[in-house]
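Undergrad: Residue numbers (the working numbering): 240 to 514. The C-beta atom is built at its ideal place from N, Cα and C for all residues, glycine as well. Model, not experiment: these values are computed from the prediction.
1) Hey, how far is the Cα of residue 391 from the Cα of residue 432?
2) Can you tell me whether residue 246 is helix, strand or coil according to DSSP?
3) With H, G and I counted as helix, E and B as strand and the rest as coil, what does DSSP make of residue 356?
4) Within a Cβ cutoff of 7 Å, which residues of the same chain sit near residue 486, ignoring the five residues on either side of it in sequence?
5) For residue 330, which beta-bridge partners are listed by DSSP?
6) Excluding sequence positions up to five away, which residues of its chain have a Cβ less than 6 Å from the Cβ of residue 339?
7) Taking the CB atoms as reference points, tell me whether residue 275 and residue 294 lie closer together than 8 Å.
8) Tell me the DSSP secondary structure of residue 513 in three-state form.
9) Please report the Cβ distance between residue 521 and residue 365, rounded to the nearest whole angstrom; I am assuming they are in contact, meaning their Cβ atoms lie under 8 Å.
10) Within the continuous beta strand (DSSP E) that includes residue 256, where are the two ends?
11) Nearest to residue 501 by CA position, among 513, 483, 439, is which residue?
12) What residue range does the beta strand (DSSP E) around residue 206 cover?
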C-alpha cells in the first residue's frame, strides 16, 4: 500500500513566511521566518531557513509555497531553485494572491484582496486568478498596505505635523531620529516602514492619524477594490486587513460591498486545501 504523502504549506508575504508541516494528519509543526521574495533572496535568508528547518526531514514533504513575487515565470523559477537548494525534493510554487483566493473561496468564484505589507486584488474564477488589480509594488502601488500607512506616517513626521507623543514613539521605534533615513533606505527599509502600521493603529483616534487612515483606505478602495467585477461581496486577507477590520468593513459597506470574511494568515486553510 502506498504511504499517505506528507504535506507542507508556506505562505510568504513582504514581512514574514509561515511554514506548516503536517506530521501525521493530527499534529502540525509551525515555523515563522522572514519574508521570502524572489528578488530579495540571499545567503542570510538561506542560512536562517536551513537552521530553522534542520529538525524536520523536509525531503519527506510535498511543499506548496505561496509567495509575493511568484506570479511571473522568473520569480517562480528563482523560488523553485531556492527551495531545491534548501532541500525540498517535491515543491510547487504559486503566487500569494492565488493562495488567498484558494483559502477564501476554495473552488468558488469571487473577489479577494490582500492587505498586508503590500496590497493587491483579484477576481477568481474558482480555479485561476483572471483579473488582478493594483499589484504594482511599493514604489508605484500598494495603496492601503502596511507600507503605505507607514510611509504616510513618516511624511507627517518629517513635515513636523505629528503630536510629540507620536514623534517620540517613532524615534523609539527607530532607536534614534538620526537613524530613520539610514534605516528606511537600507536593505530592510520596506519591512521597517510597514512596521509603523502598528503605531498608526495605536493612535488611530488622534485626528491627524484618523485622516491618514481614511485617505489611505480610500485609495485602496479606488485602486484595488473598485475595478473588480461583481462587487457585491469581497474577502480580505493579511495583517492590515485583520487589525483595521472595522475601518475596512465600514468603508466598503458604505459603497454597497459586504466583507464576507477576513483571514489574517491563509496558511492554515491552505494546508487543509492541499490535504
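TA: Inspection of the coordinates gives the following:
1) Each residue's Cα considered, the two are about 10 Å apart.
2) Correct three-state label for residue 246: strand.
3) If DSSP states are grouped into helix, strand and coil, residue 356 belongs with coil.
4) Excluding residues up to 5 positions away in sequence, 452, 456 lie with their Cβ nearer than 7 Å to the Cβ of residue 486 in the same chain.
5) In DSSP, residue 330 forms a bridge with 302.
6) Taken in chain order, the residues that qualify are 351, 353, 476, 505.
7) Not closer than 8 Å, so no.
8) In the structure shown, residue 513 sits in a helix (DSSP, three-state: H, G or I).
9) Examination of residue 521 is not possible in this model, given that the chain is present from 240 through 514 alone.
10) Residue 256: member of the beta strand (DSSP E) spanning 255 to 261, first to last residue.
11) Relative to the Cα of residue 501, the nearest Cα in the group 513, 483, 439 belongs to 483.
12) Outside the shown range of the chain (240 to 514) lies residue 206, about which nothing can therefore be said.
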